[in-house]
Amino acid sequence: MIRLSILIIFLAISFFVHGQQWLQQNQYFHNEVVINPAVAGAKDCGSFGISVRKQWLGLDQSPLSQTAFFQIELGKKSGIGVVAFNDISGAAKYRGAEFQYSHHVFKTSSSILALGLSAKIQHYRFDETDFMPEIYEDPALTYTEMKNSLVDAAFGAFYRTGAFDIGLGAHNLLSTLAGLDPFDILKRHYFIHSSYEYATKRWILTPSILLKSTENLAFSFDVSVKLLLRKHFLTGLNYRRGDGVDIMLGFEKSKWLMAYSYGLVLSNLRMHNIGSHEIFIGYRFCKESKFNGKRRLVPCAKY
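Count along the sequence shown starting at 1, add 445, and that's the number in my numbering.
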């Protein structure tokens, strides 16, 4: 059993270092600024939030992802955003921050087209000193600690008209070196996200999709639907290709949102864990405008 656990963790680490190299989040629709810098300041209201995701509960050293973000409109034609992240997957650890700027190419009362750029600073660490294999003199292990600080960039585009929106995010554009191994470079990642709101007086239904790909054509997607009832009660379902299904429940009040999701694993790891958990807490703040000489709040879009 110990040998099996070590094998699973090693495969997860290998996937993290050589594979997607990206934070796993199923509530991406609450913080799209994490995958697309053009979203910063492009959704009428500013917001900040935090999310924590623990994957594969019950498996020793399973992945843990923590994210915090802030985004707001700056003037009439731009927006800024900041994203901080901490991602731990066994011996591999990433932490850092991303600084975003978004330019609104055109903006009307119902439509907007925005282009965004971001600079990312992150620290990579791979530590083999805590490994406890059954064979101590394992030639595959060096029992050393590798560290590296990285600088990278991202580009994004976002378009919204009425209840429909679509966006594109491209990350790791510089393909910087992650570790000491020349093959451990950060692969370029591409995201396309889109959603549509069906609204009535009592509920808002929002289906959405997230397409994910790397430069070596490793493709995946998420299909989600969320339902806001009576302006307060939130529920949702997310399917991630070949990986799992997540069930979400949340509550929204006074521009605050708290949401929890539980993930059922559908891959071969399902026999070795009891699921994944993710918590999101966020707040929206709306700008003021003048109407007939009086101040009023601009209505905020929903999460």
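No residue lacks a Cβ here, since even glycine has one placed at the ideal position from N, Cα and C.
Start-to-end residues for the beta strand (DSSP E) that takes in residue i
| i | result |
| --- | --- |
| Lys565 | 556 to 572 |
| Gln545 | 537 to 552 |
| Glu697 | 689 to 698 |
| Phe725 | 721 to 731 |
| His475 | From DSSP, His475 is part of no beta strand (DSSP E); its letter is neither H nor E. |
| Asp489 | Element bounds for Asp489: n/a, residue is neither H nor E. |
| Gly749 | What the structure shows of the chain is the stretch from 446 to 748, and residue 749 is not part of that stretch, so it cannot be assessed. |
Where residue i sits in the DSSP three-state scheme
| i | result |
| --- | --- |
| Leu714 | helix |
| His677 | coil |
| Glu518 | strand |
| Ser450 | Model confidence at Ser450 stands at a pLDDT of 41, short of 50, so the residue's coordinates are unreliable; what they give is reported in the following sentence. Here Ser450 sits in helix by DSSP. |
| Ala483 | helix |
| Glu660 | coil |
| Leu631 | coil |
| Arg605 | strand |
| Leu702 | strand |
| Leu509 | strand |
| Ser620 | coil |
| Thr651 | strand |
| Glu642 | coil |
| Leu672 | strand |
| Ser686 | Residue identity differs from the one stated: residue 686 is Arg in this sequence, not Ser. Reduced to three states, the DSSP call for Arg686 is coil. |
| Gly503 | coil |
| Leu613 | strand |
| Asn471 | coil |
Burial state of residue i (16 or more Cβ within 10 Å)
| i | result |
| --- | --- |
| Gly607 | exposed |
| Arg729 | buried |
| Asn617 | buried |
| Leu674 | exposed |
| Ser496 | buried |
| His568 | exposed |
| Arg686 | exposed |
| His677 | exposed |
| Lys646 | exposed |
| Tyr473 | buried |
| Phe603 | buried |
| Trp501 | buried |
| Leu613 | buried |
| Ala457 | Any reading at Ala457 needs caution, since the residue's pLDDT is 41, under 50, leaving its predicted position unreliable; the model's value is listed next. Under this definition Ala457 is a buried residue. |
| Glu590 | exposed |
| Ala599 | buried |
| Ala542 | exposed |
| Leu631 | buried |
| Ile566 | exposed |
| Leu679 | buried |
| Ile760 | Only positions 446 to 748 of the chain appear in the structure, and residue 760 is not among them; the question remains open. |
| His710 | Residue 710 is actually Val in this sequence, not His. It is buried - the Cβ of Val710 has at least 16 other Cβ atoms within 10 Å. |
| Ala704 | buried |
| Thr553 | exposed |
| Ser555 | exposed |
| Tyr643 | exposed |
| Thr574 | exposed |
| Asn683 | buried |
| Asn471 | buried |
Min CB distance residue i to chain C below 9 Å
| i | result |
| --- | --- |
| Val596 | Among the protein chains of the structure shown there is no chain C, as only one such chain exists. |
Quiz item: Three or more beta-carbon pairs under 8 Å between the region 693 to 703 and the region 646 to 653, yes or no?
Solution: no
Quiz item: So does the region 592 to 600 actually touch the region 514 to 533, counting three or more Cβ pairs closer than 8 Å?
Solution: no
Quiz item: Counting Cβ pairs, one atom from each stretch, are 3 or more of them under 8 Å apart for the region 475 to 487 and the region 526 to 545?
Solution: yes
Quiz item: Do the region 492 to 507 and the region 659 to 675 meet, that is, are 3 or more Cβ pairs less than 8 Å apart?
Solution: no
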